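Here's the structure, in structure tokens; my notes come after.
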Amino acid sequence: MTNAEIAKDFTELLKQGQNEGAAEKYNADDIVSYEAMEGPMAICRGKEAVRQKGQWWQENHEVHGGSVEGPYVNGDQFAVRFKFDITPKATGERVTMDEVGLYTVKNGKITEERFYY
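Residue numbers for the sequence shown follow the UniProt record's numbering, beginning at 1 and rising by one.
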């Protein structure tokens, strides 16, 4: 598959709510994930650590709705825009989340993801 085909399939899976399936199919074993925040999940290394971060997010947020836009492809990278109406369980305060994920593809797998918000 080309990088553009990978980006399209990955993003379509996300649009269908199949985040775990998309990650399992396309994340490299040694993927590195960077969040725009401080703390223990600011940088996650490895497919299992990224899976655990996603699981933590799911368990700690109530999602009321949202959208996934893209992909926007440039060479070995693509961007996806996420907009979600969520309530973090820790605060109970409903907010709109608007972020961009930038993904880097090498040898048919996503080797890096960076989130901007």
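Idealized CB from N, CA, C, for every residue including glycine.
In this text, all values refer to a predicted model and were calculated from it rather than measured experimentally.
Range covered by the alpha helix (DSSP H) that runs through residue i
i          : result
residue 11 : 3-15
residue 21 : 19-26
Three-way DSSP call (helix, strand, coil) for residue i in this model
i           : result
residue 89  : coil
residue 113 : strand
residue 38  : coil
residue 51  : helix
Selected residue, minimal CA-CA separation from residue i, among the options
i          : options        : result
residue 26 : 35, 41, 2      : 2
residue 60 : 14, 33, 88, 29 : 88
residue 62 : 13, 92, 31     : 92
residue 95 : 83, 103, 105   : 83
residue 5  : 28, 77, 24, 35 : 77
Cβ-Cβ separation, residue j to residue i (assumed contact under 8 Å), whole Å
i           : j           : result
residue 11  : residue 50  : Incorrect: roughly 17 Å between the Cβ atoms, too far for contact.
residue 37  : residue 53  : 12 Å between Cβ atoms; not a contact.
residue 98  : residue 117 : 7 Å
residue 110 : residue 31  : 6 Å
residue 79  : residue 100 : 5 Å
The beta strand (DSSP E) enclosing residue i, as first and last residue numbers
i           : result
residue 66  : 61-74
residue 108 : Counting along the chain, residue 108 falls outside any beta strand (DSSP E), and DSSP gives it neither H nor E.
residue 45  : 43-45
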